[in-house]
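First up is the structure itself, then whatever we jot down about it.
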Amino acid sequence: MAAITMKNIVKKYGDGFPAVNDVSIDVQDGEFMILVGPSGCGKSTLLRMIVGLEDITDGDMVIGDRRVNDLAPRERNLAMVFQNYALYPHLTVFENIAFPLRLAGASNEEVDQKVREASKTLELDEHLERKPGNLSGGQRQRVAMGRAIVRDADAFLFDEPLSNLDAKLRGQMRTEISRLQKRLGITTVYVTHDQTEAMTLGDRVAVLKRGVLQQLASPRELYTNPANLFVAGFIGSPPMNFLPATVNGTSVELPFGTVELPREKASLAPEGKLLIAGIRPEHFEDASVVDDSKRERGSTFTTKVDVVEWLGNEAYAYIPFEADDAVREQLTQLERDLDGDTMRSQLVVSLDGASRISEGDEAEIWVDARQMHLFDPETGDNLTIDLERAGRVPAKEDPKAAAAAEHVAQDAAAH
Amino acid sequence: MKQKIGLGVGLAAILVWCLLPVAWIISLSFKSQQAVSNGSEGFLPQSGGGAGWQNYADVVGDDQFRRAILNSIGISLIATLLSVVIATLAAYAIARLEFKGKKFVLTTALVIAMFPVVSLVGPLFDMWRTIGIYDTWLGLIIPYMSFTLPLAIWTLSAFFREIPWEMEQAAQVDGATSWQAFRKVIVPLAAPGVFTAAILTFFFAWNDFVFGISLTSTESARPIPAALSFFVGPDPFSRPASLLAAGAVVATIPIVIIVLLFQRKIVAGLTSGAVKG
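Residue numbers (the working numbering), protein chains in the order written: chain A, 13 to 427; chain B, 92 to 368.
And the structure:
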C-alpha cells in the first residue's frame, strides 16, 4: 500500500491539446479518492497516467516514495479495473483471476489458494470454471475486481467501473466496492462522471473541468461550499438553482422578491452589482409546512408554480423565471461545461411530501437564505465560500497559475 | 415449406456441381488401366474393369510419388509456419503502431498479391540457379511465402484491429511485458485469424503448379502437382489415367484433413465476453 502524489501533472497530446493541465492531487495511504467531472475533463487520462498507460508530459507522479514517471505499467504494482472489464475471453474465470499471479511466477498452490480466497470474497465460487462470455454484466464486473484484489497491489484504480451496469446493479456494486475498499484498506483512485458515485464512495473528491482541478474536498465540503459555479452545478441532484441577484446591504434581490442574507455573507459580496445566487432545491419549502421557529430564519415569497412532480416523500416544483442576458450567458456556458443542454431558466424547488401545492397554484414558498451562495458572473467564483470548510481550491492557493491553466484550457476548447 | 424444398434443391444442385468432378476422379481411380484405355463409359467400373485398390497400392508403392508427397508436405508446412509467424508479427505492428509508411507497406503487400505468378518464374529461375537454391526446398518456400504473406497480413491485421486495446493494457497492468501480453492474450484471441491465414497459405503452397514445375528439375524438391504431370508409368505411349487419378486422390487427402482440423479451430475461435456484452 502506498500514497499517490501528483505534482503539477500536465498531459499534452501530439496536436498540443492539453488534456490535463497542472493538476496536483495527493492521495493518502488507504484513502478513497474520486476523480469526477463531465466527459472530456481529463479524469480518465489522469488515471491512465497514474497506471502508466499514458505518458506524462510534465510534472511528477510519485507512488509511495518512488517517482514512477518513466516506469512501465507492470513495474508500478497497481491494479486496475477497466470500464469494459477487459477480461480475457479465452481463459476461464479462475485463470482470469489467476493471470497476474501466473505472470508473477507464483506456484500452483499459491495461485489456487489466492484465487479461491478472492472468489469467495466476491462470491464467484460457482463460476470459476466458466468463460467470461457466459457471465452476466455484474459477474464480469466482479471477475475484473477479483483480478485486481488477488495480488498485493499498492493501489486500486477504477475507470468508470459501473457505467455499463443497469441502475439497480450499479447501486449494489457501489456498496460492494465501498465495503471491499474499507475492508482491504487499500489506496483507491476511482474515476466516474456520476456525481452520486462521487458523493457516496469517496473520502475525498477531486472535481475536474477541461483538465483543470477545480476543487479537492470531502463530499460534504463540496456540497456545502462549492468553489465555483461549475462545482456547484455539478454536485447535487437535482442541481443547484442559479438566479440573477443584486445585493443591497444585507438584502438580496432575486427574481421572486427580496430575501435577507446573514451579515457576514452579505459583506463578502460587492453591493449593487449583478451576481448569480445559488440555492439548492432543498433549501426551499412550502411555507405552509414550515415550523414557525424555522420560518423566521428564512424569507418567503409568493409565485406561480408551473409543474409539480410528486414522489411520495418529497415533491419537485418547477417555477420559470426571466434571467438577465449577462446571467443567462454564463449559465448557458455552464450548461455546456456540464455536458447538459441549454434549458429554460427555471427554479427547481424541493417540497415536503405533505405539501398540497399543485400545478398552476399561486404558492407561498419559504427559502433558507443562510444556505445561499453568491457567485461572480464573470469568473464564476464563489464569493461567499467558507475556505476553512472547502478543502483545497487551487484557484485560491495560486490564482496566477490557476488562471493560466484555465486560460490554456479555454483556448483549447475554443479551437 | 416451399422455401425449404427450394433450399434443398439448390443445395443439391451446388453439391453435384462441385463434387461431381471429385467423384469422377475417385471412380476413375478404381478402374483398371486396361478398361480406361478401351474406353470405360459410366460412373461405376464395368464388370471386369475394376481395379480394386491396385491403383492406390501402385501409387503409394512408387518411390517417385512417395518422394513428391514428402516434398509437398515438407515445403507447404514450412512455408505456412514461417508465413504465419511473420505475418502475425507484421500484422500486429500494422494494427497497433503508428509509423511512417504504414499505408505504403499495406499497398505494396496488395500489389505483390496481385502480381501474376508466371511473370516471376523467369527471373526466379535465373536467380535461383545463380544463388544455388534451384531445385531445393528453400527455392520453393521463398516464393510461396512472398505470395502468401500479403494475404495473411491483411487477414490478420483485420483480426488484430478487432481486439480491444484494453485487453493488452489490462495484461500490462497485470504485470505482463509487451511480449507476454502479445503471446498470452493477443495471439490466443486472434487464433481464428491465425488459422485462416494458415489455411490460405497451405492451400497456395500445396496447390501451386507453376513454381513447382519451373524451379525444380529432379525429385529432390518436386512437389506433388508437378510430379503428377511427370508421372508417366511403365508405358510412355498410354498415359496411366487411372493411376494418375489415384495419385490425385491421395494428394487431396492432406488438404481435406488440414481443413477439417483447422475449421474446428476457426468456428470454435473467438467467443465473446472480453468486454461488455
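Just so it is clear, CB atoms sit at the ideal spot from N, CA and C, and this is done for glycine as well.
Measuring alpha carbon to alpha carbon, tell me which of the options ends up nearest residue i.
i	options	result
A/L147	A/Y100, A/K126, A/A160	A/Y100
A/P250	A/Q358, A/K285, A/G403	A/Q358
B/T199	B/S333, B/W245, B/L135	B/W245
B/D153	B/V107, B/L334, B/E253	B/L334
A/A327	A/S362, A/R348, A/R340	A/S362
B/V113	B/Q354, B/F353, B/V347	B/V347
A/C437	A/D67, A/E43, A/G76, A/V22	Only positions 13 to 427 of chain A appear in this structure, which leaves residue 437 of chain A out of reach.
A/I37	A/S51, A/D72, A/G64	A/D72
A/A210	A/F268, A/V105, A/L287, A/P50	A/P50
A/D393	A/A239, A/M384, A/R401	A/A239
B/R355	B/S305, B/K194, B/F286, B/M92	B/F286
A/L255	A/P389, A/A407, A/L395	A/P389
B/F295	B/A170, B/V323, B/S118, B/Q263	B/A170
B/V323	B/I117, B/Q155, B/C109	B/Q155
A/A116	B/K191, B/A267, B/I222	B/A267
A/A338	A/R60, A/P332, A/I288	A/I288
A/T104	A/I68, A/L90, A/P144, A/A98	A/P144
A/A229	A/A15, A/A244, A/E188	A/A244
A/I109	B/L106, B/L291, B/A281, B/A261	B/A261
A/H385	A/G269, A/R292, A/I198	A/R292
A/S190	A/P332, A/L134, A/A366, A/D124	A/L134
A/P433	A/G290, A/K277, A/R275, A/A281	Within the shown structure, residues of chain A are numbered from 13 to 427, placing residue 433 of chain A beyond reach of any answer.
B/Q125	B/G133, B/Y183, B/G141	B/G141
Flag this pair as yes or no: are the beta carbons of residue i and residue j separated by less than 8 Å?
i	j	result
A/R186	A/L174	yes
B/A104	B/V175	no
A/T315	A/I377	yes
B/W372	B/I166	Outside the shown range of chain B, which is 92 to 368, sits residue 372 of chain B, and nothing can be said about it.
A/V219	A/V48	yes
A/K126	A/V162	yes
B/F378	B/S311	As shown, chain B starts at 92 and ends at 368. That puts residue 378 of chain B outside it, with no answer to give.
A/V32	A/L59	no
A/L169	A/L273	no
A/A335	A/L346	no
A/L177	A/G149	yes
Take the Cβ of residue i as the centre, count every other Cβ of all protein chains shown within 10 Å, and call the residue buried at 16 or more, exposed below.
i	result
B/T362	At B/T362 the pLDDT is 41, less than 50, meaning the model places this residue with poor confidence and gives no usable figure here.
A/R232	exposed
A/L323	exposed
B/L161	exposed
A/K194	exposed
B/G130	exposed
B/P207	exposed
A/G158	buried
A/H419	exposed
B/K275	buried
B/Y235	buried
A/Q226	buried
B/S120	buried
B/M258	buried
B/A159	buried
B/G368	Caution is warranted here: a pLDDT of 36 is assigned to B/G368, below 50, making its placement in the model unreliable, and the coordinate value is therefore given only provisionally. By the neighbour-count rule (16 or more Cβ atoms within 10 Å), B/G368 is not buried but exposed.
A/D82	exposed
A/D303	exposed
B/G223	exposed
B/I232	buried
Just the chain B side, please: which residues come within less than 9 Å of residue i by C-beta, in chain order?
i	result
A/M73	In chain order: nothing, as chain B lies at least about 15 Å away.
A/F106	Per Cβ cutoff of 9 Å: no residues; A/F106 is ~15 Å from chain B at best.
A/R159	A261, D265
Does the CB of residue i have a neighbour CB from chain E at under 8 Å?
i	result
A/M92	Among the chains of the structure shown, chain E does not appear; the protein chains present are A and B.
Find the residues of chain A that neighbour residue i, judging by a C-beta separation of less than 9 Å, and give them in chain order.
i	result
B/L280	Y100, P101, H102
B/E257	F94, Q95, N96, Y97, A98
B/Q260	R60, V63, L65, P85, M92, F94, A98
So with CB distances below 7 Å, who are the chain A contacts of residue i?
i	result
B/V276	Y100
Quick one: which chain B residues come within Cβ less than 7 Å of residue i?
i	result
A/L115	D265, G266, A267, Q271
A/P112	D265, G266
Residues of chain B with a CB under 8 Å from the CB of residue i: which are they?
i	result
A/F168	Under the 8 Å cutoff, chain B gives no residues; its nearest Cβ is about 11 Å from A/F168.
Quiz prompt | Start-end ranges of the alpha helix (DSSP H) lying completely within the region 41-125 of chain A, minimum 4 residues | solution = Runs of the alpha helix (DSSP H) spanning 4 or more residues and lying entirely within the region 41-125 of chain A occur at 55-63, 105-115, in chain order.
Practice problem: Counting only runs of 4+ residues fully inside the region 188-255 of chain B, write out the alpha helix (DSSP H) ranges in chain order. | Solution: Runs found: 193-205, 209-222, 228-253.
Quiz prompt | Every unbroken alpha helix (DSSP H) within the region 169-212 of chain A, with a cutoff of 4 residues, ordered by chain | solution = Listed in chain order, the complete alpha helix (DSSP H) runs (minimum 4 residues) inside the region 169-212 of chain A are 179-196.
Quiz item: What runs of the alpha helix (DSSP H), each 4 residues or longer, lie entirely inside the region 264-321 of chain A?
Solution: When DSSP assignments are scanned along the region 264-321 of chain A, the uninterrupted stretches of alpha helix (DSSP H) that are 4 or more residues long and fall wholly within it turn out to be 275-278, 304-307.
Practice problem: Would you list, in sequence order, the uninterrupted beta strand (DSSP E) runs of no fewer than 3 residues that lie entirely inside the region 338-364 of chain A? | Solution: You should have 358-364.
Quiz prompt | Ordered list of alpha helix (DSSP H) runs contained in the region 137-190 of chain B, each at least 4 residues | solution = Counting only runs of 4 or more, we get 145-152, 154-187.
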